[in-house]
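Chains as they are written, first to last, in our numbering: chain A, 1 to 437; chain B, 1001 to 1583.
Beta carbons: idealized from backbone N, C-alpha and C, even for Gly.
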Amino acid sequence: MAIEDDVLVIGGGLAGTTAALAATERDGDVQVRLVSYKQSTLRHASGLIDVLGYTPAGDGPLVDPFDALEGLPDGHPYERVGSEAVRDALEFFDDIAGDAYDGAHTDANALVPTHGGTVKPTARYPVSTAAGLASDDRDALLVGFETLPDFEAPLAASHLEAAGVPFEACGVTVQFPGITRDDAKITRYAHLLDHDESVATTFGETTAREALAETVRPHLEGESRVGFPAILGDERADAVRADLADRLGVDVFEVPMGPPSLPGMRLEDLLYDALEERGVRVTTGVPVVDYETDAGETAPNGLERIDHVVVDRNGSEIPHRADQYVLATGGLVGKGVRSERERVFEPIFDCHVPHAADRYDWFVDDVFGDQPYARFGLPVDRDLRPLDASDEPEFSNLRSAGAVLGGYDFAAEKSGAGVSLATGYVAGRRAASEGER
Amino acid sequence: MGGVIVDADEGMATDTEVLVLGGGSTGCGIARDLARRGLEVTLVERGTLTDGTTGRMHGLLHSGGRYAVSDRASARECIEENEVLREIAGHCVEETGGLFVQRPEDPDDYFREKLEGCRECGIPARVLSGAEAREVEPHLAADVKRAIEVPDGAVDPFRLCVANAIDAETHGARIETHAEVVDLLRDGDDIYGVEVRHDSGPGKRTHATPGTTEEITADYVVNATGAWAGQIGAMAGIEVEVRPSKGVMTIMNVRQVDTVINRCRPKGDADIVVPHETTAILGTTDEEVSDPDDYPEAGWEVDQMIDTLSELVPILEEARTVRSFWGVRPLYEPPGTGTEDPTDITRDFFLLDHADRDGVSGMSSIVGGKFTTYRAMAEEISDHVCEKLGVTAACTTAEEPLPGSENIETLEAGMDDFGLRSPVARRSKQRLGSRARDVLETDEPNPVLCQCEGVTRAEIRDAVSQSGSDLNAVRIRTRASMGNCQGGFCCQNMANELHPEYDEETVREALDDLFQERWKGERHALWGEQLSQAMLNYALHATTMNRDRDPASADADTAAVDFAAFDGGRTEGDRVDSSRGVR
């Protein structure tokens, strides 16, 4: 028996969840389902919501990302949806994120220190990062841990100064009290602090938060804020930070880290909580393996319609039918765009992915050069419908959002989260309003 | 250290007795040999040790089977040296065994000749049926006809070469990397040294002031620059007819085979798979090039490796490759031989004494040869140098184990895991051999910095202590950044270990060098899983860290970032600021 919904979103990352949430926005009666296969790439991501940090030509860092939206080339996802939609989508995100994120008080980008010690422009940031902005001029102490090799605090502090930050940065490496294994997972650090577990220290048995504060205290030399790698609690991160701040008498912040990233996981939790709250039906761990078009019926404009997709649930193939579909399966990393030696393709609907015939034209020799592969993805119309090689929509009832889209290099522009939000938001709303009819 | 400019007149003091040019296996082997004989040795290398041909080979420790039909002298030498290296460099060798596999379309005559050749040259050889061969290697094609089993092995050329250099240093040699020879010092018909420019290679910021030059004088110069020997010779107006020949090698993400797989047919491209550490390496081609530093690297060569070798091991067709690289063989043939096809040029080596050959004294060049027999070559050349200098000390390199391979069996038995998880401990101990205890025993936290290859902080720090801030030199010593992620997740961690010994700017540049070097080989594997990995690496370094637009690395003419114009936080207006005044 087929599963029937109004809107089916394929993909569970930032774009997919945003699309599903936006589809419920106008009318609570629209039945929305989200299916996803792999763990979303959110846990690779820093949790920052970048909108646009640099123009495609590399100008920046941009103080005001919205100013620059108007100048983007044809085919850029932001150009497709228009700058108003970008603002609306951010507002939509701000509503969902509530107190968990900051940055909505201004159009200006913030500059956030990265764990590599450089700074990067971003539009919204987790509240845990708020006190750490590099565009804030208070002196900062950075604290790293001997057992977390990806953040070398003294080096990051020197690097920030080399980047010209308007404050003095100092770094120190200490032992994390209560961590006994050199290869403890970051969730172990977070758990220790969340539950304020009892730990043994040289000054006796105490709690994890107190022990950490006491370890850091002697290194404070008048700085009014202290930054840690992003491991300060998971479920009770706010309380952990507040407690540490209270004990140390300074603001406490997290420096976003690479994978696995707690801020990314916290964002994922926040989005999935919102999906549940809004009645979106979510099935994870299931791939979409096939689709069928509506054999007899084409849309009035002569386009093919997707009748249903086939989902593989533990080996049984279950048809999922919906009126409207949103494809948000991610880019090369999320495997929404795949490749072989001879071709680049979209694996579910075989939507057109423009690419050079010779794979040696997919890259340039400078690792940070203008990489063609970084722009691989689907071209879309202004309704976000994937276009075939002759610029006609592939299907009348399929839209796409997020990194599966082509025509932009999110890594160079620092536009990944913003594009996912804006296109997810637009695709979700349009799908819902058509699905209603 | 050198730097003293000396007159070349007879009887004047020189900086060193012997100056070896080239830090590959031959050069390091000669430096070790001569240093152990008590000579004063200086070795200069323009890049990192192994940068030229040594670090760009397929990692095959020849049994000699490959030459058993065409070149029996080489085959005999291979099996002898194969046995020597298992003894003196056990920690760099994996005794995988090898198969010469015959497909139904491959000639029976050749198979028979191969078997006869092996037996004649003293290479242990045993015939396996197709079914038996597939028992050894289940991924062999279902239709392979039969195979000859030989004692081929896998060898880590990086660690072997570095071990030679370390032993040479222990015996007093000076090993100077990132010192490019820019001129040969010649007085009339005598060569008496070289001029080097420091910091000519990437990443080196330790030994000498970048950009400075130094004249190093010597009683005797050994040109062991392989494919570059002609360029060195030309500096003194001497012609060395080296014929560089390129070959491609493609690295797979896992070991599809645990045995060296050779195709048993007359010479041909794409006929070998060598298991190497966590990977398998497909090789190769043989094509003459005019410039060993600048030759085309084409996608079809990679395709040919995969497509042709899939005939032997069909799963290669769909497997993931992590990178490809090209190496340049230093082939040589005496003037007038006139061989057209580089595959027909002998793999034997030649010692060219320029005094006999060109009437120019003070230097010999070594060309040709192959990695497996590097030690024997070094011995012969060292004998020659000793004769020139009137030294009678005997060679000890065939008996004395290299650092890391001393008493390895007894050590392994008594070794603990140094607090490491067992897969990490096992791999670390394999790499370090008898040095494991010295390197890994530490009271400090010792987290794993490279997950793909299981490399811990202690091993990275040990490598840094040997090679300075050059992270590519750290890489070849440890294998860190050489696994599936090709450094995407660990380059940064490796760079972090350079600080605070090296300052922030040095660390940043070293990281950039390593990341770019990893990309160089990865470009040739950009499809499927590895393209996905490349995008992830790019995103981590550009998105998460913003390393592509780092204000600290901006050009001097780029305007500084106006931090005050950006969002300083919601509370900036009403904050009581203890550390700074008003903006």
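- As the crow flies, the alpha-carbon of residue 1130 of chain B is around 19 Å from that of residue 1151 of chain B.
- Collapsing the DSSP output to three states places residue 109 of chain A in coil.
- For residue 1219 of chain B, the enclosing beta strand (DSSP E) begins and ends at 1213-1223.
- For residue 170 of chain A, the uninterrupted beta strand (DSSP E) segment begins and ends at 169-174.
- Taking 8 Å as the CB threshold, residue 1157 of chain B stays off the interface with chain A.
- Partner residues in the beta bridge of residue 325 of chain A, as assigned by DSSP, are A:8 and A:398.
- The beta carbon of residue 1477 of chain B does not come within 8 Å of any beta carbon belonging to chain A, so the residue lies off that interface.
- By the Cβ rule, the segment 56-67 of chain A counts as touching the segment 107-127 of chain A, because three or more pairs are nearer than 8 Å.
- Non-local C-beta neighbours of residue 177 of chain A in its own chain, meaning closer than 7 Å and more than five positions away in sequence, comprise 199, 201, 208, 211, 212 and 215, ordered along the chain.
- For residue 1538 of chain B, a Cβ of chain A is located within less than 8 Å of the residue's own Cβ.
- Neighbours of residue 1019 of chain B in chain A, taken as residues at a C-beta separation under 9 Å, are lacking, since the least C-beta distance is about 35 Å.
- By the criterion of at least three beta-carbon pairs nearer than 8 Å, the segment 1213-1225 of chain B is not in contact with the segment 1263-1279 of chain B.
- Below the 9 Å Cβ cutoff, chain B contributes no neighbours of residue 226 of chain A, its closest Cβ being approximately 12 Å away.
- Listed along chain B, no residue sits closer than 9 Å to residue 66 of chain A by beta-carbon distance, the nearest being about 13 Å off.
- By the criterion of a C-beta distance shorter than 7 Å, residue 79 of chain A is surrounded in its chain by 72 and 73, once the five residues flanking it on both sides are discounted.
- Listed along chain A is no residue with a C-beta nearer than 7 Å to that of residue 1375 of chain B; the closest approach is about 37 Å.
- When DSSP states are grouped into helix, strand and coil, residue 1274 of chain B belongs to the strand group.
- Taking a C-beta distance under 8 Å as the contact criterion, residue 406 of chain A and residue 424 of chain A do not qualify as a contact pair.
- Residue 361 of chain A and residue 372 of chain A have their alpha carbons spaced roughly 8 Å apart.
- Nearest C-alpha to residue 1328 of chain B among B:1126, B:1079, B:1121 and B:1226: B:1226.
- Close partners of residue 1430 of chain B in chain A (Cβ separation under 8 Å) are lacking, with about 19 Å as the shortest Cβ gap.
- Cβ neighbours of residue 1113 of chain B within its own chain (closer than 7 Å, five residues either side excluded): 1069.
- Contact between residue 1023 of chain B and residue 1039 of chain B does not hold, since their C-beta atoms are separated by about 18 Å, which reaches or exceeds 8 Å.
- The beta carbon of residue 1565 of chain B falls within 8 Å of a beta carbon belonging to chain A, placing the residue at that interface.
- In the three-state DSSP reduction, residue 1228 of chain B falls in the helix class (H, G or I).
- Going by C-alpha positions, residue 1145 of chain B is about 12 Å away from residue 1311 of chain B.
- Around the Cβ of residue 1109 of chain B, a 10 Å sphere holds fewer than 16 other Cβ atoms; the residue is exposed.
- The Cβ neighbour count for residue 1555 of chain B, taken over all protein chains shown within 10 Å, is under 16; the residue is labelled exposed.
- In the structure shown, the three-state DSSP call for residue 1151 of chain B is coil.
- Assigned with DSSP and collapsed to three states, residue 1320 of chain B falls in coil, not helix or strand.
- Taking a C-beta distance under 8 Å as the contact criterion, residue 1050 of chain B and residue 1366 of chain B do not qualify as a contact pair.
- Cβ-Cβ distances below 6 Å link residue 1179 of chain B to 1044, 1196 and 1198 in the same chain, with the five nearest sequence neighbours on each side left out; the list follows chain order.
- Flagged as an interface residue toward chain A: residue 1535 of chain B, by a C-beta distance shorter than 8 Å.
- Against chain A, the CB of residue 1448 of chain B has a partner CB under 8 Å away; the residue lies at that interface.
- DSSP places residue 264 of chain A in the uninterrupted alpha helix (DSSP H) bounded by 262-277.
- At least 8 Å separates the beta-carbon of residue 217 of chain A from that of residue 251 of chain A.
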